[in-house]
Amino acid sequence: MPHIQPPESSIFGLSAALVSPFDTNGNADLAKTAQHAKTVVENGCDGVTLFGTTGEGYGFSLPERRAILTAVAEALPDGAQIHAGVLNPSIDDAVTLAQAAYEDGACGLLLAPPFFMKDVDENGLFNWFGTVFEKIGSPLRNVILYHIPAQTAVPLSVSLVSRLRAAYPGVVTGIKDSSGDWATTEQFLAAHGDIAVLVGDERLLPKAMTHGAQGSICGTANFIPDLLRRIIHEGGDGKLVSEIVEAVVALPVTAAVKTLTAHVNRDATFVQIRPPLSPLSVPQRQALIGSFEALRITA
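Going by the numbering used here, the first residue of the sequence shown is number 3, and it counts up by one from there.
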């Protein structure tokens, strides 16, 4: 399958951290995943990111990933960006996932650090990333480093990014900062504003865009891509988005995002989630949907 290349654009834009629909047997629903990817692109996203945190990417086998990515690549129009999350601490497994992603149509990777061992030093992280890069070989390109310390407990430093960029010129093209900490975002922008600094916490997006960020990979793009697009491409103030995010993060985030994705798409099957996560309770879902609709009405 030919690789899908990112469109010519001055900024990265908006990528939905795509949720993963499952059928009643708990298997990946390929048709629904492909249709949902197409829907979010039609409604304002510049592309999608598969197998991230919101997409439960840590829980998919290689055959599942290949089937999902192929289905999405076939559904999206030429020029839509597809990035594939790689969340695996094993060097060889991370390489295998990455090589398959490029082969199946991804234009780049969202690459998390090795997360099992904690308190590893910068040299160890540099050597891990460097070995992964070298083993991927010729397909290697468009790597977005994934800074999400709340999940990995392995933060990425400004200096580590600098070392990787110096050692592997042109490979690292972005940083997804999901720290939710403005001081961290500001540091990445100051040191690496020449590449795509992307915001994971949508509440920081308006401020980040005015300071040189290039967009976002985020979960709420599954159900409010139009609102996020305005912030990124038109300079919107993001007040409504921030209020919606506050309601989402008050609950288990992935389950909450899937609840609102199901609501907006009028398809209750989107709420299905894979262990070890659990769906929201019925009262939680009803309260979240009520809050979401109230915010949209008063906006």
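Ideal Cβ placement from N, Cα and C applies to all residues, glycine included.
Check for me: the beta strand (DSSP E) holding residue i runs from which residue to which?
{"i": "K178", "result": "174-179"}
{"i": "I219", "result": "217-220"}
{"i": "H149", "result": "145-149"}
{"i": "L297", "result": "Not the beta strand (DSSP E): L297 falls in the alpha helix (DSSP H), residues 284-300."}
For residue i versus residue j, is the C-beta distance shorter than 7 Å?
{"i": "P115", "j": "V156", "result": "yes"}
{"i": "G54", "j": "R276", "result": "no"}
{"i": "A221", "j": "V259", "result": "Note that residue 221 is Gly in the sequence shown, not Ala. Going by C-beta atoms, G221 is nearer than 7 Å to V259."}
{"i": "L113", "j": "L162", "result": "no"}
{"i": "S17", "j": "T51", "result": "yes"}
{"i": "E242", "j": "T261", "result": "The question names Glu, yet the displayed sequence has Leu at residue 242. No; because the gap between Cβ atoms is not below 7 Å, this pair is not in contact."}
{"i": "V251", "j": "A264", "result": "no"}
{"i": "I219", "j": "A19", "result": "yes"}
{"i": "A73", "j": "A36", "result": "yes"}
{"i": "E314", "j": "V247", "result": "Outside the displayed range of the chain (3 to 301) lies residue 314, so it cannot be described from this structure."}
Closest to residue i by C-alpha separation, out of the options, would be which residue?
{"i": "I233", "options": "L158, C47, G172, T55", "result": "C47"}
{"i": "S159", "options": "T56, A169, Y148", "result": "Y148"}
{"i": "K178", "options": "P171, P151, Y104, K40", "result": "P151"}
{"i": "A244", "options": "L206, P254, I299", "result": "Note on identity: in this sequence residue 244 is Ser, with Ala being the wrong assignment. Here the closest residue by C-alpha is L206."}
{"i": "S180", "options": "L166, T154, A169", "result": "T154"}
{"i": "N125", "options": "E44, H235, R165, G49", "result": "R165"}
{"i": "T256", "options": "L200, A223, R268", "result": "A223"}
Between which two residues does the alpha helix (DSSP H) carrying residue i extend?
{"i": "L127", "result": "124-138"}
{"i": "G110", "result": "That residue, G110, is in no alpha helix (DSSP H); its beta strand (DSSP E) goes 110-113."}
{"i": "V97", "result": "93-106"}
{"i": "V259", "result": "255-267"}
{"i": "L166", "result": "160-169"}
For the region 16-91, which segments carrying the beta strand (DSSP E) assignment without a break, of at least 3 residues, lie completely within its bounds, in sequence order? The qualifying runs are 49-52, 83-88.
Mind listing, in chain order, the continuous beta strand (DSSP E) runs of no fewer than 3 residues lying wholly within the region 175-252? Within the region 175-252, the complete beta strand (DSSP E) runs of at least 3 residues are 198-201, 217-220.
For the structure I just gave you, are there three or more beta carbon pairs, one from the region 180-191 and one from the region 26-38, closer than 8 Å? Using a C-beta cut-off of 8 Å, the region 180-191 makes no contact with the region 26-38, since fewer than three inter-stretch Cβ pairs fall below that distance.
Specify whether the region 131-148 and the region 162-175 touch according to this definition: at least 3 beta carbon pairs, one from each stretch, less than 8 Å apart. Yes, the region 131-148 is in contact with the region 162-175.
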